[in-house]
């Protein structure tokens, strides 16, 4: 029997999950918990094959719990089961180690099938969630508007793109390193990026 742990603060929903999972004949509930804090130490000590995790929990979130579980026990397969279907919740969960994402309106047989798929190496998702994930990957990349940059900022960005350090760029442009750094911060803001690598990537997309 494949062991499953449940982390869900809604007692009635949690008990419903326990009942039909235990009745499946394939899976058994090893333990269930109402919060991340009660679940984490016990799951690490007594790891299940699969953890079903709600996103919104009292205290630490389900995403935080998934991250901590995968860090300590990477072999545990984590599947979200939640009412929340916003992109932020979906992609935070997937980025932090969830291998599946179901909505709570899923039927009992759909959840069992998803557990089966997850244990077999798949990535089960509710249809609505799968469509949202696909739509994000199909979005056309935003073309950077380098015309927003000043002449000096364009000059600095093109120079940085050649791989020179800030001090070298400053010397070539007869500026202080502090001034070049300030220009770079302005460039990052205008291009909606966080660092020089992302800025250079936007330059190369042009």
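In the working numbering, the protein residues as written are -1 to 204. We put the CB at the ideal spot given by N, CA and C, even for glycine. Predicted model, so just to flag it, every value in this text is computed and none were measured.
Measuring CA to CA, which of the options is closest to residue i?
i, options, result
"residue 84", "49, 14, 101 and 191", "101"
"residue 127", "104, 145 and 146", "104"
"residue 59", "45, 48 and 38", "38"
"residue 34", "69, 4, 13 and 92", "4"
"residue 44", "66, 62 and 71", "71"
"residue 18", "131, 92, 0 and 107", "107"
"residue 134", "121, 88, 122 and 196", "88"
"residue 165", "159, 176, 7 and 93", "176"
"residue 199", "153, 22, 97 and 159", "159"
"residue 115", "92, 132, 75 and 168", "75"
"residue 81", "162, 150 and 124", "124"
"residue 66", "147, 96 and 86", "96"
"residue 131", "112, 91, 113 and 183", "91"
Suppose contacts are defined by Cβ-Cβ distances below 7 Å. Is residue i in contact with residue j by that definition?
i, j, result
"residue 2", "residue 48", "yes"
"residue 110", "residue 77", "no"
"residue 117", "residue 41", "no"
"residue 55", "residue 8", "no"
"residue 168", "residue 178", "yes"
"residue 12", "residue 20", "no"
"residue 212", "residue 98", "Residue numbering for the chain in the displayed model covers -1 to 204; residue 212 lies beyond these limits and cannot be assessed."
Please name the residue or residues paired with residue i in a DSSP beta bridge.
i, result
"residue 77", "50 and 98"
"residue 31", "5"
"residue -1", "BP columns for residue -1 are empty, so no partner."
"residue 71", "DSSP, once it has assigned bridges, lists no residue as partnering residue 71."
"residue 87", "Beta-bridge pairing links residue 87 to no other residue."
"residue 25", "0"
Hey, residue i and residue j are a contact pair by Cβ (cut 8 Å); roughly how many whole angstroms apart?
i, j, result
"residue 190", "residue 154", "That belief does not hold up - the Cβ atoms of residue 190 and residue 154 are roughly 17 Å apart, past 8 Å."
"residue 147", "residue 195", "Contact flag wrong, Cβ pair sits at about 17 Å."
(request) Identify every run of the alpha helix (DSSP H) within the stretch 126 to 170, keeping only runs that are complete inside it and at least 4 residues long; order them along the chain. (result) 149 to 158
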